[in-house]
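Residue numbers (UniProt numbering): 1 to 236.
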């Protein structure tokens, strides 16, 4: 019996190929493979529940089936689940307690989202939360001190400081009779003053009457001004 035919089909339980060769009734078509389906694109479903590709934790490399599944590090991250809950807690502890930082970025490469104070309170352990509040307190104190310094350096406060300095100089200093450099005298010590170098000219004088001390040294106290308490008239 001749089963050759020019069309694809079956007759009496026997399949025929396009070339007319008989095919055994027990022959089964092979299961299509990805290679045999060239040109067909496979894309992820837009609904997460239909996507079954496992993700791995960026720290311990565990997948969705381990450590209770994966999650996104912060609610603001837009990437896929990338860290397990245990590693997220350990990551916060390392950055805050070991590195001493209060700005904690997402561990996912390329993501610049940061953990907020609410995130740290929610997922950090007790040590991380305690250390975080301590560091934030120090930072706030430093910022307040900086603001105080900046406020003190405003033009108005600067003028007040300059006036206070001028008043102090007027009361507690005198200009050198030779170079006019301001000279201060501390306490009730000797009135023999010297405009000391390197800032001064080296001129020596009496603090009370501002007379040159060289003539006083050579001739005596009558070279002081008459109103000076060190003045001594020449005896006849």
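The beta carbon of each residue, even a glycine, is placed where N, CA and C say it ideally should be.
query                                                                                                                             : result
According to DSSP, residues forming a beta bridge with residue 184                                                                : 173
Chain-order list of residues whose beta-carbon lies under 7 Å from that of residue 185 (same chain, five-residue window excluded) : 193 and 207
Contact check, residue 93 vs residue 125, beta carbons under 8 Å                                                                  : yes
Unbroken beta strand (DSSP E) run spanning residue 206, endpoints                                                                 : 204–206
Residues near residue 97 by beta carbon distance below 7 Å, same chain, minus five either side                                    : 127, 128 and 131
Burial state of residue 168, where buried means 16 or more other Cβ atoms lie within 10 Å                                         : exposed
When 76, 113 and 210 are compared against residue 179, the one with the closest alpha-carbon                                      : 210
C-alpha gap between residue 60 and residue 69, whole angstroms                                                                    : 12 Å
Under the three-state DSSP convention, the category residue 138 falls into                                                        : helix
Residue 108, DSSP secondary structure in three states                                                                             : coil
Other residues of its chain near residue 102: CB distance less than 8 Å, five sequence neighbours each side excluded              : 96, 132, 135, 136 and 139
Inter-residue CB distance, residue 73 and residue 107 (contact presumed, cutoff 8 Å)                                              : 6 Å
Residue 48 versus residue 144: straight-line alpha-carbon distance, rounded                                                       : At residue 48, the pLDDT of 49 sits below 50, so the modelled position is not reliable; the number obtained from the coordinates is stated separately. So the alpha carbons of these two residues sit roughly 47 Å apart.
Unbroken alpha helix (DSSP H) run spanning residue 215, endpoints                                                                 : 213–219
Candidates 230, 79 and 87, of which the one nearest residue 123 by Cα                                                             : 87
With 16 other Cβ atoms within 10 Å as the buried cut-off, status of residue 42                                                    : Per-residue confidence for residue 42 stands at a pLDDT of 43, beneath the threshold of 50, marking its modelled position as unreliable; the derived number appears in the next sentence. Residue 42 is exposed by the Cβ-count criterion.
Extent of the continuous beta strand (DSSP E) to which residue 192 belongs                                                        : 192–194
C-beta atoms of residue 230 and residue 191 nearer than 8 Å                                                                       : yes
Cβ pair residue 78, residue 57 closer than 8 Å                                                                                    : no
Residue 143 in three-state terms, based on DSSP                                                                                   : helix
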